[in-house]
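Read the structure below first, then the notes.
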Amino acid sequence: MDVLVGSIDVRELLSSADLDSASPLSAPDLRLLIDRLNHRSLDIKSRVRSYALTHRSHFSDVFSLSSSLSSASLSLSDSLASLLSLLSDRPLDRDIRGVIRDVVAARRELAEKAEAARVVAVVADLADGLRASREEMRSGRMKEAAVRIRGMKERLRFGEEEESGEPAVFGMLRTEWTDCFDELQGDLARHVENSVHFEVENGRAIVRCKARTGGLEHCELYTILEAMEIVGVLDYGLGKVADSMIKYVMSPAICDGSINILIELDEDSVEKCETILRLLPSSEFQEHLDGPTIYARLIEVIKFIHKYIFFENEAWMQCFGRLTWQRMSDLIITYFLSKAVPDDASKVAEFQNIIRDAAEFENFLKDIKFISTDIKDERLSHFTQNVEVHFASKKRNEILAKARYIILQLDNIFSSENTLKAPLQTSSSSDGFSECVDLLFQPEKCFVSTSVSQLMELVHAALKDACMSSTRVAKEFYHAARDALLLYKAIVPVKLEKQLDSISQIAIIIHNDCYYLSQEILGLAFQYRADFPSGLKKHALFVDLAPTFYQMADIILEKQIKLVENSLTEAIDGADGFQNTHQPQQYASAKFSIEQVAFILEKVRIIWEPLMPVTTYKKSICILLDSVFSKITKDILLLDDMAAEETLQLQGLIHMALENLTSLFDSLISLVDEKEKSLELIWDQFNEMIPSLSKFRKLAGMMLMIRPIFFCNLLDMPLKSITAAWESCQLLNCGFIASEVENFVKAIFTDSPLRKECLWRIESSS
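Its first residue numbered 1, the sequence shown is counted upward by one per residue in UniProt numbering.
Structure, rendered in structure tokens:
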């Protein structure tokens, strides 16, 4: 109906002149518009009526078709309702489902029974196979048993993960198969051992073609080996034979110079059929076997094995070679090749014959498949072709062995009872384990052990050899020299721990050793680096070792000083702080303590002075003296009350202490240059070396030279003089502090206005 298509545009009903888009429509316009709309509506109605009348037949057909379709749908609905009613009255679908379930269950049960029957058949077959295998083993048919067991292994699916729901009987069958396999493996190994028998006492290796084991029939060796190959137990079965062959045949052939090898073949009896390899004593004894002799013996033995044990089978021979080659080659290297390594470079050329013989021997082994063609099996050639390295390694081992021997000799000498009890001599000509040496970087001498002197000679010799060698060899010599020095560091502190923990000359000798080594090591690089091969110059390093030995020397010396200080402190503590010395008993105790201190220091001087470097001795003694003076001065200044008689006794004790130490000061004076032996210069030096000495001298009132010289001392000074000495800084320069002077004044002088004034002046000027 085209007349109804589209929409009516109101603007078309009005003339364009009458229409103003900017203003609303007026009443006349609206009336005009209504009239025109009515006219248009009537026109449309007439057109629709005309169209309906024109297409009446079409509309009639459409209405008829709709009526027929409606009737058909009603009929179909009635039929479906009847069918549903029929189904609801008789539950046929449930009967069908029940029948289907029964059919499925029956088929499943039938399949399970069929599967169970197959499993039972397989289990029965496997069980029969295992029984048959055991019967075959008992009857001596080892090859058949091996084939059967190998087949059952595949059927039992060894090596695969067990499936869930697998019958437990298969696990039992696998266990039984394993037992059967172990039994077969053991029987085969016993057969091989009976077929290849070793009579050690007679030096014989007997190979029987047929052997009887237990109550079994004769089994051929060839068949046994075939069975072992089938089940893959050649390595296990031949293991003991390989061990015995190495131990009883090959090892004597390589090491024993008094035997000959003979092969005997007995074919008189087919059942017996024995071949014997004999090791017979030889009338010609060779202390050192040469390469051709060793290789000829081994070739004869290996040919015997190849022909009479393995029947020239390559696979069996290769398996036996894997079991024996490494140990056999190690024996050849240990007892022949390593000993043939040249001792010096001039003999390296002669080693070429040994290299050639080793290569020919390995080629023979490759030809009979005893070893593979892989380069990793050329163990002898690899060793001989690296003779330069072996030469250097041998020299390095010799150097380290000699260094160890030298160092252990030091331990043996210093650990002996005679050495510990007898005093050490200070002359190198009078003993065999110490000597005087010059320090490299100091114009001084000291005594070191003969062992450390020999050790340095060994190090110098190794480095000289390094200068004349190739880079490869020079590196070995260089590392040997370093390791020899490190051996001293590793061994001596452990072996001589007891001696180092006590006051002894041995500890001082070891201190000197370490000090001497630290200086010698610093000089090695300057001495040899320029002559080292170019490949070693950049890597050679010694300076890292020097601080280690210097530190060892310091630790030993510090321990010795600490031990002496402990003894001195214990002796001084015996004076009970120098209290009440006006009493006879207390005075005797204090006097004994002073004598003990002097005795200890004199003993230390006797031990140290002849052995130590001058500067080290001087420094160490000054440390001890400073410790003694500080301790005694501190104890006296801590006294809170001193009677007049007590001060006199203290003066006497201090005077005695300084007199007893005269020899010790004389030893220090002897170290001063003759030009500097004036009184003032000596005391200036002593005051610098011993910080507490000036304080002690001020307290003691004595100057120590060849003879005692007295001067004004605190114990004799009047109160005003003490105060003036403090204000003039005289006491301060001697090391006194205000609190010490105040306590001293309080201890000496009774309370008075003068003492209060002096104490105030001391406190004010501090």
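Backbone N, C-alpha and C define an ideal beta-carbon position, used for all residues, glycine too.
Bear in mind the structure is a predicted one, so any value in this text is a computation, not a measurement.
| query | result |
| --- | --- |
| Segment contact, 8 angstroms Cβ cut-off, at least three pairs: the region 122-131 with the region 171-184 | yes |
| Spatial neighbours of residue 321 in its chain, beta-carbon cut-off 6 angstroms, leaving aside the 5 residues before and after | 370, 371 |
| Residue 593, enclosing beta strand (DSSP E) - first and last residue | Where residue 593 is concerned, there is no enclosing beta strand (DSSP E), although the alpha helix (DSSP H) it sits in stretches over 584-608. |
| Three-state secondary structure assigned by DSSP to residue 263 | strand |
| Of the listed residues 593, 368, 560, 199, nearest to residue 573 (C-alpha basis) | 593 |
| The region 502-517 / the region 555-566 touching (three or more Cβ pairs under 8 angstroms) | yes |
| Beta-carbon spacing of residue 253, residue 246 below 8 angstroms | no |
| Exposure of residue 759, with buried meaning 16 or more beta-carbon neighbours within 10 Å | buried |
| Simplified DSSP assignment, three categories, for residue 107 | helix |
| Alpha helix (DSSP H) runs wholly inside the region 521-593, at least 4 long, in chain order | 534-537, 546-573 |
| Residue 755 versus residue 588: straight-line alpha-carbon distance, rounded | 32 angstroms |
| Beta-carbon gap between residue 476 and residue 395 smaller than 8 angstroms | yes |
| Close Cβ partners of residue 757 (< 6 angstroms) along its chain, the five nearest in sequence each way excluded | none |
| Residues of its chain near residue 319, where Cβ-Cβ distance is below 7 angstroms and the 5 sequence neighbours each way are ignored | 234, 235, 238 |
| Residue 453 beta carbon less than 8 angstroms from that of residue 437 | yes |
| Rounded C-alpha distance that separates residue 138 from residue 387 | 56 angstroms |
| Endpoints, alpha helix (DSSP H) assigned at residue 320 | 314-332 |
| Any non-hydrogen atom of the ligand ADP within 7 angstroms of residue 390 CB | This structure simply doesn't include the ligand ADP, nor any ligand for that matter. |
| CA nearest to the CA of residue 576, picked from 188, 631, 278 | 631 |
| Close-in-space but distant-in-sequence residues of the same chain around residue 385 (CB under 7 angstroms, 5 per side omitted) | 355 |
| Residue 620 to residue 667 span [Cα, whole Å] | 13 angstroms |
| Boundaries of the beta strand (DSSP E) in which residue 306 is found, first to last residue | It is not in any beta strand (DSSP E) - residue 306 carries neither H nor E in the DSSP assignment. |
| DSSP three-state assignment for residue 444, whether helix, strand or coil | coil |
| Exposure of residue 378, with buried meaning 16 or more beta-carbon neighbours within 10 Å | buried |
| Beta strand (DSSP E) segment containing residue 281, residue limits | 274-281 |
| Backbone CA spacing between residue 158 and residue 152 [nearest angstrom] | 10 angstroms |
| Sequence-distant residues of its chain with Cβ nearer than 6 angstroms to residue 277 (five each side left out) | 205, 263, 304 |
| Length of the line joining the Cα atoms of residue 546 and residue 696 | 39 angstroms |
| From 641, 280, 222, 76, residue whose alpha carbon lies closest to that of residue 748 | 641 |
| For residue 220, the three-state DSSP class (helix, strand or coil) | strand |
| Separation of residue 505 from residue 768, as counted between CA atoms | In this structure the chain extends from 1 to 766, so residue 768 is not present and cannot be described. |
| Start-end ranges of the alpha helix (DSSP H) lying completely within the region 106-156, minimum 4 residues | 142-155 |
| For residue 370, the three-state DSSP class (helix, strand or coil) | coil |
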